[in-house]
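Chemist:
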Amino acid sequence: MFAKTVGVQRRCAPKWRIALFRNERNDFDRILEGLGIDYDLLSHNSLADWAFEEWELWDYDVLIICSDHFPQPTCFKERALERIASFLKQGKSLYLEYASPLTQEEVCPKGIDFQRLFVKKHHYLTLDLKPGAILDAHRTFYLPAAFPDQEEILSLGRICGTFQKVGDVLDEPVPVLSVASRYGGRIIYSGVEMSRFTAKRYRPTAHWEHLLRRIVLFLIPKKMRANYEEKASSIPMPGKETLGQKKAPEWSEQERREKYRIALQRNLRWYRSSGVMPDPMGTKGVYEQVHSDIDCFGRQKVVEWHRPDCNSQSALAFYLAGRALNRNEDQQTGLNIVNFLLSHRFQDMDPDHQTYGFWSWWEMKSMQKYAEAIYGDDNSWPAFTLLKLYQMTGRKEYLERGLLTTEALLATQGIGGLRHARLNGVEVNQEGKEWYARQNWEDAWGGSSPHYGANVVALYFYVYGLTGDERYLAVAEEGLSNMIRRYLDESYTEWVTSHTAEHARFLLALASGFHYSQRTEFRDALEKVCDFLMAHQVECGAIQEWDNPNRDTYGTAETGVFCENGEPISDQLYCTSFAALGLWTAYKATGDEIYLDAFRRLADYLVRIQVQSDYPRTDGGWMRGFDFEHWEYYGASGDIGWGAYAME
């Protein structure tokens with residue numbers, strides 16, 4: 001133990017002394033101990049209330065004063081300010097965080113929204129960080145650094161970039177870490193609570209670790225610093241022991257089956273313990289997501305509203321997992337989730353409506369007459385789930401309700417077999433379904449986009465296989481052919497979140513198209529899309545995100561979780577998950593084992609990055625953004641609803 005809690009008794013002073021003021025163990029304890037530095041623990045109240053003389057505080061060379069009652073800023077009594085001033089007059093060093101700037105004036109903290117900290121100035125504190133390096137403190141509170149003549153080291157602002165700032169700051173930057181001289185001493189002031197960055201899950205971990213180590217080294221008297229700098233250089237960064245994960249494992253088939261089984265069980269537990277399921281048996285459905293925003297205490301909230309696509313995907317997952325694991329309880333949970341959807345007003349069941357059979361993006365309230373916000377992709381998932389469950393259970397209601405949706409979709413499919421991304425229910429009932437069928441949606445929102453339309457085409461192929469209805473095959477073949485022509489043209493760059501994610505969303509339709517029609521055109525397009533994705537599959541099995549079309553919209557729109565090509569980021573929400581499903585389907589459609597190998601590598605990667613945490617809200621799930629270079633969940637979290645830490 002290096003720390004010692006100090007009372008009023010004096011002890012013989014070593015060559016230099018450091019005092020740490022904090023309420024609970026934090027990252028400074030760990031860093032000081034790693035450097036082999038003895039330190040004394042003192043309470044914040046001791047600065048004003050203890051009956052020792054000023055010279056006893058002078059006996060320290062360094063004071064580290066962490067936040068006291070976060071999120072309330074630390075405020076000092078007059079006596080405490082006098083003692084700190086006397087200490088600084090000896091030419092000594094102070095670290096002060098999230099506190100009034102050595103005054104008794106009340107300070108009002110502000111909340112961080114989409115702003116992030118970034119390196120403003122080259123300084124000793126930032127020697128291990130590149131210019132513009134980003135430090136994400138999520139949705140914590142901050143105080144502007146406001147010392148006269150301060151050196152501004154870190155600023156806070158809305159910026160683009162993942163690891164480094166890209167372009168200009170998009171709002172007025174605010175200084176939050178500075179170095180200043182006061183009363184003849186030296187102050188490092190942080191307007192953000194940095195001392196608990198690990199507990200609060202600030203990212204990237206390596207950037208915060210480098211910064212706090214440099215803060216400690218900078219505080220050490222200069223004549224003694226060199227020895228500790230050498231020691232610091234030999235201490236591995238947190239997480240270094242996991243970097244071997246970057247190599248793909250060599251599992252036997254038996255090992256793989258067991259690891260997949262455990263991953264399935266852990267994910268089902270996540271559903272039941274994270275808060276996304278109000279009832280663990282699924283009778284009250286599944287909430288949309290654990291939101292990406294991480295609050296000032298390192299917590300995430302559940303978005304408590306129901307979406308038909310999320311519920312149907314979860315229902316099918318539970319049912320299939322229950323069959324695979326031979327667990328009737330999980331199968332029943334899947335059926336309960338479906339029955340929740342069918343017994344509430346998600347699907348428009350009024351045959352007099354032009355929106356009959358469509359699913360609203362949310363549950364329709366009593367004042368809402370029609371299904372609203374009718375996304376084609378979101379409607380395809382309840383239909384898929386109901387029809388697949390019909391195949392496995394024989395329940396006629398599932399078949400009837402599923403076909404109601406596919407008929408509504410088919411009736412609104414436009415010229416060339418393409419459709420608009422989203423229909424407005426009121427307008428559909430005013431214009432009639434036939435009006436939509438007469439429109440050419442190729443260049444409209446979502447018209448040629450796999451993100452919005454490919455899954456509907458895949459659904460049509462599936463319905464044809466289930467029913468033999470040639471209408472579905474004809475529209476599916478025409479729509480897929482036109483989507484291939486337009487989307488795979490080299491001039492197309494209208495990807496929703498990334499090029500890789502858009503390709504991943506295309507696989508199911510292409511594989512289904514080739515399976516049901518055996519067209520060479522579909523096989524060639526499937527091969528082209530798979531080749532692109534496999535070219536971006538790295539050694540650890542991840543598919544590296546590529547081509548973000550919206551990198552300059554940080555905090556204002558839907559966007560990817562990376563900025564520049566080459567960054568070591570994978571996207572589990574929009575790419576990895578759909579690519580895994582698509583690669584498996586491509587293998588089943590073609591028999592080509594190159595797709596099976598790519599699927600296994602990707603699924604192995606998913607198993608290895610499954611969240612392991614003491615925090616039940618995240619343990620056993622997958623977040624959207626993962627940094628496979630540093631092996632931690634992280635990414636550019638500028639998406640307005642589904643950022644890097646979203647678990648949908």
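Numbered according to our numbering, the sequence shown terminates at residue 648, and the numbering increases by one at each position without gaps.
Ideal Cβ placement from N, Cα and C applies to all residues, glycine included.
#1: For the beta strand (DSSP E) containing residue 21, list its first residue and its last residue.
#2: The alpha helix (DSSP H) with residue 139 in it runs from where to where?
#3: If you reduce the DSSP assignment to three classes, tell me which class residue 185 lands in.
#4: Between residue 11 and the rest of its own chain, which residues show a CB-CB distance below 7 Å, the 5 nearest in sequence each way excluded?
#5: Give me the Cα-Cα distance between residue 204 and residue 268, rounded to the nearest whole angstrom.
#6: Exposed or buried, residue 438, counting other C-beta atoms within 10 Å across all chains shown (16 or more means buried)?
#7: Would you grab the beta carbon distance between residue 605 and residue 596 for me? Rounded to a whole angstrom, and I think it's under 8 Å.
#8: Helix, strand or coil: which one does DSSP assign to residue 294?
#9: If I measure Cβ to Cβ from residue 451 and keep anything under 6 Å in the same chain, skipping five residues before and after, which residues do I get?
#10: Report back the beta-carbon spacing between residue 513 and residue 545 to the nearest angstrom; my notes put them in contact at under 8 Å.
#11: Please list, in chain order, all residues of the same chain as residue 428 whose beta carbon is under 6 Å from its beta carbon, the five residues on each side excluded.
#12: Would residue 561 and residue 613 be called neighbours here (beta carbons separated by less than 8 Å)?
#13: Taking the C-alpha atoms as reference points, what is the distance between residue 174 and residue 385?
#14: Going by DSSP, which residues form a beta bridge with residue 95?
#15: Give me the DSSP bridge partner(s) of residue 374.
#16: Below 8 Å on the Cβ atoms is my contact criterion, and I expect residue 70 with residue 193 to pass it. Report the Cβ-Cβ distance as a whole number of Å.
#17: If contact is defined by three or more beta carbon pairs under 8 Å, each pair taking one atom from either stretch, is the segment 144-163 in contact with the segment 549-565?
#18: Using CA coordinates, which residue listed in 116, 32, 367, 37 is at the minimum distance from residue 15?
#19: DSSP state of residue 147, grouped into three classes?
#20: Below 8 Å between beta carbons: does that hold for residue 387 and residue 399?
#21: Quick one: is residue 214 buried, meaning 16 or more other Cβ sit within 10 Å of its Cβ, or exposed?
#22: Under 8 Å by Cβ, that's how I've got residue 286 and residue 310 pegged, so tell me the actual separation to the nearest angstrom.
#23: Taking the alpha-carbon of residue 443 as reference, which of 491, 143, 435 has the nearest alpha-carbon?
#24: With DSSP run on the structure shown, which of helix, strand or coil describes residue 524?
#25: Would you say the segment 508-522 touches the segment 539-556, given that touching needs at least three Cβ pairs under 8 Å?
#26: In its own chain, which residues sit with a C-beta less than 7 Å from the C-beta of residue 557, not counting the 5 before and 5 after it?
#27: Run through DSSP, which three-state label would residue 157 get?
#28: Which class does residue 207 belong to by DSSP, given the choice of helix, strand or coil?
#29: For the pair the segment 293-301 and the segment 131-143, tell me if three or more CB-CB distances fall below 8 Å.
#30: Taking residue 134 as the reference, which of 151, 22, 114, 150 has the closest Cα?
#31: Going by DSSP, which residues form a beta bridge with residue 118?
#32: Pick helix, strand or coil for residue 612, following the three-state DSSP scheme.
#33: What is the DSSP secondary structure of residue 12, reduced to helix, strand or coil?
#34: Can you say whether residue 252 is buried or exposed, counting buried as having 16 or more other CB atoms within 10 angstroms of its CB?
#35: Whose C-alpha, out of 335, 202, 75, 635, is nearest the C-alpha of residue 318?
#36: With a cut-off of 8 Å on the beta carbons, I'd call residue 409 and residue 376 a contact; round off their distance for me.
Modeler: In this structure, then:
#1: First-last of the beta strand (DSSP E) with residue 21: 18-21.
#2: In the DSSP assignment, residue 139 falls outside any alpha helix (DSSP H), carrying neither H nor E.
#3: Strand.
#4: Legend: pLDDT at residue 11 = 42, less than 50; position of this residue unreliable, value from coordinates given subsequently. None.
#5: When rounded, the distance between both Cα atoms is 29 Å.
#6: Under this definition residue 438 is an exposed residue.
#7: Cβ-Cβ separation between residue 605 and residue 596: approximately 15 Å, too far for a contact (criterion under 8 Å).
#8: When secondary structure is reduced to three states using DSSP, residue 294 falls in the coil class, being assigned neither helix nor strand.
#9: Once the five neighbours on either side are set aside, the close Cβ partners of residue 451 are 496, 502, 505.
#10: That belief does not hold up - the Cβ atoms of residue 513 and residue 545 are roughly 26 Å apart, past 8 Å.
#11: Cβ neighbours of residue 428 beyond the five flanking positions: 354, 355.
#12: No, the Cβ-Cβ distance between residue 561 and residue 613 is not below 8 Å.
#13: Per the coordinates, the alpha-carbon of residue 174 lies some 50 Å from the alpha-carbon of residue 385.
#14: For residue 95, which the question treats as bridged, DSSP gives the partners 64, 188.
#15: DSSP lists 423 as the beta-bridge partner residues of residue 374.
#16: Taking a contact as a CB-CB distance under 8 Å, the pair residue 70 and residue 193 counts as one, their CB atoms being some 5 Å apart.
#17: With a cut-off of 8 Å, the segment 144-163 and the segment 549-565 count as touching, because enough Cβ pairs lie within range.
#18: Among 116, 32, 367, 37, the Cα nearest to that of residue 15 is on 37.
#19: In the structure shown, residue 147 falls within a coil segment according to DSSP collapsed to helix, strand and coil.
#20: Yes. Within cutoff.
#21: Classification of residue 214: buried, given that the 10 Å Cβ count is 16 or more.
#22: In this structure residue 286 touches residue 310 by the C-beta definition: roughly 6 Å separates them, less than 8 Å.
#23: Closest option to residue 443, Cα to Cα, is 491.
#24: Three-state result, residue 524: helix.
#25: At 8 Å Cβ cutoff, the stretches do not touch.
#26: Result list for residue 557: 550, 640, in chain order.
#27: In the structure shown, residue 157 sits in a strand (DSSP, three-state: E or B).
#28: Taken through DSSP and simplified to helix, strand or coil, residue 207 comes out as helix.
#29: Yes: at least three Cβ pairs fall under 8 Å.
#30: Measuring from the Cα of residue 134, the nearest candidate turns out to be 114.
#31: Paired residue(s): 134, 155.
#32: The answer is coil: DSSP assigns residue 612 none of H, G, I, E or B.
#33: Note that residue 12 scores 44 on pLDDT, short of 50, meaning its location in the model is unreliable and no value can be drawn from it.
#34: That one is exposed.
#35: Considering only alpha carbons, the answer is 335.
#36: The Cβ separation is near 6 Å, so the contact holds.
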